[in-house]
């Protein structure tokens, strides 16, 4: 079901000349990026390009040393991580960071800041992650890698959020689970939620994303429609070092 | 269907079908009864064994009360608080503000009256140490978050200052703290003598453990603490201000140390400004044995250490001096991160 979307001309997130230092290392060197409202935007790039740092800087986990981060019309660059989360951004880190000593239910309960979890929304989540219902009262640390990823994503969407930042959700997952994730993200695309996805799996991204930005050496080196990049193998080769075989 | 399209209702139990068994790690839970049973033939006398075991359990409960707050402080906040012992001393000395003026009531052989005075002393001690803990976190700890070396230096300094302040306020002499009349003496269980105060210590320790267990497992703030011990950053990314949780846990941990100080002071029947500092080695050992950040592990570690010290003191008194260190080495050889590790720093 498609929800009414605000005009795509109003970006949900705008990064402007964003720099991030970690210790003595200058990781992000002036990131300019726009994430339109609605749909899936992908952030690609080789290892070490600065994709994870970009997500962490948006979340305030590493402070931006320069530049601005505007989200939903407000500057969030100087806010604390909890304030950024409360403004409507959910984060699924690469490590998943589920609370392994807590049950699946407790993991999701903590993410529901409004109080009680919405049973209708939970059933909707169970619809594409049925394993979560089965393991509802099970310690999350005892789940498989794919199930942990389901918990991490479910935690991010247990309440409606304007923007999901998801870091490499397919890493280490079996192909069957990746297919489940594609279905789940397609379902999420039908809601008001915007997704910014960092991925190495080009097939996964090209199946989902509407927009793409490519990073290299802490900067955005390409931005445009995903369809254009997916159809242009020379551009893929130049930006990502991908050969045709790598995403067959 | 879009989830927001229909009316939200609170979630009730969602019964899973064909749920696999949750693997429970029960091996550490068996250590305490196994140790006790193993010592029975070595001690050779059932009455002596009962006396030693109850004494060990009582001592373990008191150590647990003092250590439980510190394990949460370290687990959640990553703070190496070498000044935790100061709250033990302050708690014990604060209790004298109740015990000394009400000395007459303590001499009356009335369990109700004596428990009332003890309860009042505990309340005051926990209140004072809780407030001091809150101030300590704000003034001393906040500037050194994430800097372990500075934490060790500044908290050790804080403990020295606290001890000297106690000397200034209460004097440098030892303060005798006799047990209330109805807590003195022992019950006879056959030929075994079980001191009344040790039973009270066991009851208080079990109560503290039960309350902590309930708070940590049945309340949202408890879940946040458990989640924060595992991954502070993710708790913040979920939108919770973990610094507020830090202050709360630090104050609660300090108040528990104050409670432990009251119980320990009555157990020793003498107060000195250094008594808190002297317990720090034991406290650190049980926290390491239990696994950083684990209240359950701290509970088992406390009982294990106290039982080992008591049995060793009877069977091989010279070994008693190093028994707690040997216990720690043995546990860490078996489980290098402690019995139930949860903290990831």
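Residue numbers (this note's numbering), protein chains in the order written: chain R, 10 to 257; chain S, 706 to 1050. Glycine included, C-beta positions come from ideal geometry on N, C-alpha and C.
Enclosing alpha helix (DSSP H) for residue 237 of chain R [first to last residue]: Residue 237 of chain R sits at position 228 when you count from the first residue of the first chain. 235-240 is the span of the alpha helix (DSSP H), which, as asked, contains residue 237 of chain R.
Coil, strand or helix - residue 203 of chain R by DSSP: Counting from 1 along the first chain, the entry for residue 203 of chain R is found at position 194. Three-state DSSP puts residue 203 of chain R in a strand.
Secondary structure of residue 98 of chain R, DSSP reduced to three states: Position 89 of the first chain, counting from 1, holds the residue named residue 98 of chain R. Here residue 98 of chain R sits in strand by DSSP.
Chain-ordered residues of the stretch 930-946 of chain S with a beta carbon less than 7 Å from chain R: 931, 932, 935, 936, 938, 939, 941, 942, 943, 944, 945 and 946
contact_flag[the stretch 66-73 of chain R, the stretch 88-100 of chain R] where n(CB pairs < 8 Å) is 3 or more: yes
Own chain, CB closer than 6 Å to residue 79 of chain R, minus 5 neighbours either side, in chain order: Counting from 1 along the first chain, the entry for residue 79 of chain R is found at position 70. Cβ neighbours of residue 79 of chain R beyond the five flanking positions: 23.
Residue 880 of chain S to residue 761 of chain S span [Cα, whole Å]: Counting from 1 along the second chain, the entry for residue 880 of chain S is found at position 175. Counting from 1 along the second chain, the entry for residue 761 of chain S is found at position 56. Rounded to the nearest angstrom, the two C-alpha atoms are 25 Å apart.
Partner residues on chain S for residue 90 of chain R, Cβ-Cβ distance less than 8 Å: Numbered from 1 along the first chain, position 81 holds the residue referred to as residue 90 of chain R. Per Cβ cutoff of 8 Å: 938, 941 and 942.
Cβ of residue 21 of chain R within 9 Å of any chain S Cβ: Residue numbering aside, residue 21 of chain R sits at position 12 when the first chain is read from its first letter. Output row for residue 21 of chain R: interface = no.
Rounded separation between residue 784 of chain S and residue 952 of chain S - CA only: In the second chain, counting from the first residue as 1, residue 784 of chain S sits at position 79. In the second chain, counting from the first residue as 1, residue 952 of chain S sits at position 247. Those two C-alpha atoms are separated by around 12 Å.
8 Å Cβ cut-off: residues of chain S touching residue 120 of chain R: Against the first chain, residue 120 of chain R aligns to sequence position 111. By Cβ distance, chain S contributes 943.
Residue nearest to residue 965 of chain S in terms of C-alpha spacing, selected from S:764, S:999 and S:734: Counted from its first residue, the second chain places residue 965 of chain S at position 260. If we check each option's Cα against that of residue 965 of chain S, S:764 comes out closest.
Where the stretch 43-74 of chain R meets chain S: residues whose CB sits under 7 Å from a CB there: 68 and 70
Cutoff 9 Å: residue 153 of chain R Cβ touching any chain S Cβ: Taking the first chain and counting its residues from 1, the one referred to as residue 153 of chain R is at position 144. Taking Cβ atoms only, chain S never reaches closer than 9 Å to residue 153 of chain R, which makes this a no.
is_contact[residue 973 of chain S, chain R] using C-beta, thresh 9 Å: Locating residue 973 of chain S in the second chain gives position 268, where the first residue counts as 1. With 9 Å as the cut-off, residue 973 of chain S does not count as an interface residue toward chain R.
Cross-chain neighbours of residue 111 of chain R in chain S, by beta carbon under 9 Å: Indexing the first chain from 1 puts residue 111 of chain R at position 102. The contacting residues are 928, 931, 932 and 935.
Where residue 107 of chain R falls: helix, strand or coil (DSSP): Taking the first chain and counting its residues from 1, the one referred to as residue 107 of chain R is at position 98. Residue 107 of chain R: coil per DSSP, three-state reduction.
From S:815, S:1005, S:1022 and S:995, residue whose alpha carbon lies closest to that of residue 1040 of chain S: Translated into positions along the second chain, residue 1040 of chain S becomes position 335. When each option's Cα is compared against that of residue 1040 of chain S, the closest is S:995.
Three-state secondary structure assigned by DSSP to residue 137 of chain R: Start at 1 with the first residue of the first chain, and residue 137 of chain R comes out as number 128. Residue 137 of chain R falls in the helix class under three-state DSSP.
Other residues of its chain near residue 759 of chain S: CB distance less than 7 Å, five sequence neighbours each side excluded: Numbered from its first residue, the second chain carries residue 759 of chain S at position 54. Answer for residue 759 of chain S: 899 and 903, listed in chain order.
DSSP bridge partner residues for residue 852 of chain S (one or two, in chain order): The residue labelled residue 852 of chain S in the question sits at position 147 within the second chain. In DSSP, residue 852 of chain S forms no bridge with anything.
Best match in R:147, R:123 and R:221 for proximity to residue 237 of chain R [C-alpha to C-alpha]: As a working mapping, residue 237 of chain R is identified with position 228 in the first chain. Minimum Cα distance to residue 237 of chain R is reached at R:221.
Proximal residues to residue 842 of chain S (C-beta, below 6 Å), its chain only, five neighbours per side dropped: By 1-based counting over the second chain, the position of residue 842 of chain S is 137. For residue 842 of chain S, where only same-chain residues beyond five positions count, the Cβ hits under 6 Å are 952 and 955.
DSSP state of residue 28 of chain R mapped onto helix, strand, coil: For the purposes of this step, residue 28 of chain R is taken as residue 19 along the first chain, with counting starting at 1. Residue 28 of chain R: strand per DSSP, three-state reduction.
Under 7 Å from the C-beta of residue 115 of chain R: neighbouring residues of chain S: Indexing the first chain from 1 puts residue 115 of chain R at position 106. Within chain S, the residues near residue 115 of chain R are 928.
Cβ-Cβ distance between residue 988 of chain S and residue 772 of chain S below 9 Å: Here the question's residue 988 of chain S lines up with position 283 in the second chain. Here the question's residue 772 of chain S lines up with position 67 in the second chain. In contact: residue 988 of chain S and residue 772 of chain S (Cβ atoms closer than 9 Å).
Residues from the stretch 952-973 of chain S in contact with chain R, defined by Cβ distance under 9 Å: none
Where residue 65 of chain R falls, given that 16 or more other Cβ within 10 Å makes a residue buried: Position 56 of the first chain, counting from 1, holds the residue named residue 65 of chain R. Buried is the call here.
Short CB-CB distance (under 9 Å) between residue 102 of chain R and chain S: Locating residue 102 of chain R in the first chain gives position 93, where the first residue counts as 1. Judged by the 9 Å Cβ criterion, residue 102 of chain R is in contact with chain S.
Segment contact, 8 Å Cβ cut-off, at least three pairs: the stretch 196-209 of chain R with the stretch 161-181 of chain R: yes
Helix, strand or coil at residue 73 of chain R according to DSSP, with G and I counted as helix: Along the first chain, read from residue 1 onward, the residue named residue 73 of chain R stands at position 64. Three-state result, residue 73 of chain R: strand.
Any chain S beta carbon closer than 9 Å to residue 106 of chain R: Residue mapping note: residue 106 of chain R aligns to position 97 of the first chain, counting from 1. Closer than 9 Å to some Cβ of chain S, the Cβ of residue 106 of chain R qualifies, so yes.
Beta carbon of residue 108 of chain R nearer than 9 Å to that of residue 937 of chain S: Taking the first chain and counting its residues from 1, one reaches residue 108 of chain R at position 99. Taking the second chain and counting its residues from 1, one reaches residue 937 of chain S at position 232. No, they are not a contact pair.
Residue 132 of chain R versus residue 140 of chain R: straight-line alpha-carbon distance, rounded: Here the question's residue 132 of chain R lines up with position 123 in the first chain. Here the question's residue 140 of chain R lines up with position 131 in the first chain. Each residue's Cα considered, the two are about 12 Å apart.
Listed by chain order, chain R residues near residue 1047 of chain S by CB distance under 7 Å: As a working mapping, residue 1047 of chain S is identified with position 342 in the second chain. Going along chain R in sequence order, the residues near residue 1047 of chain S (Cβ under 7 Å) are 110.
Residue 39 of chain R vs residue 86 of chain R beta-carbon contact at 9 Å: Residue numbering aside, residue 39 of chain R sits at position 30 when the first chain is read from its first letter. Residue numbering aside, residue 86 of chain R sits at position 77 when the first chain is read from its first letter. Cβ distance not < 9 Å, so residue 39 of chain R and residue 86 of chain R don't count as in contact.
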